[in-house]
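Engineer: In this note's numbering, the protein residues as written are 1 to 101.
Even glycine gets a Cβ: it sits at the ideal position worked out from N, Cα and C.
Handing you a structure now.
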């Protein structure tokens with residue numbers, strides 16, 4: 001699951017998070033970084049690092065704040081998403097059908 005999540009995050013080409021580690025830098029010790037993430041997630045000791053806050057200008061002149069997670073955290077989020085989504089989708093789908101009847 002970690003490897004599949006990594007491939008999806010890599011394909012998205014996001015920018016570096018608060019740790020300033022780009023996907024290319026993450027790749028320099030790919031097996032070590034993925035192992036560390038897997039180990040922490042599997043043991044229940046994973047805690048996501050803070051996110052990098054950037055301001056995105058809006059058309060009306062205001063800005064909206066956007067949080068950019070680290071590469072490792074994006075991979076972790078993708079693992080959780082890919083694990084939970086199919087299970088929860090069935091649950092929500094059955095509830096939605098029940099509500100329509």
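In chain order, what residues of the same chain lie with their CB nearer than 7 Å to the CB of residue 53, ignoring the 5 residues before and after it?
Structural biologist: Cβ neighbours of residue 53 beyond the five flanking positions: 65 and 67.
Engineer: If we call anything under 7 Å between Cβ atoms a contact, is residue 38 one with residue 2?
Structural biologist: Going by C-beta atoms, residue 38 is nearer than 7 Å to residue 2.
Engineer: Going by DSSP, name the residue or residues bridged to residue 66.
Structural biologist: Beta-bridge pairing links residue 66 to 54.
Engineer: How many whole angstroms separate the CB atoms of residue 63 and residue 69, which I take to be in contact at a CB cut-off of 8 Å?
Structural biologist: Rounded, the Cβ-Cβ distance is 20 Å, inconsistent with contact.
Engineer: Express the C-alpha separation of residue 33 and residue 13 in angstroms, rounding to a whole number.
Structural biologist: Each residue's alpha carbon lies about 17 Å from the other.
Engineer: For the candidate residues 18, 27 and 46, whose alpha-carbon lies nearest to that of residue 6?
Structural biologist: Cα-wise, what sits closest to residue 6 is 27.
Engineer: Go through its chain and collect everything with a Cβ distance to residue 18's Cβ below 6 Å, but skip five positions before and after it.
Structural biologist: Answer for residue 18: 50 and 52, listed in chain order.
Engineer: Around the Cβ of residue 80, are there at least 16 other Cβ atoms within 10 angstroms (buried) or fewer (exposed)?
Structural biologist: Exposed, by the Cβ-count rule.
Engineer: Helix, strand or coil, according to DSSP, for residue 2 in the structure here?
Structural biologist: Of the three classes helix, strand and coil, the one that applies to residue 2 here is helix, per DSSP.
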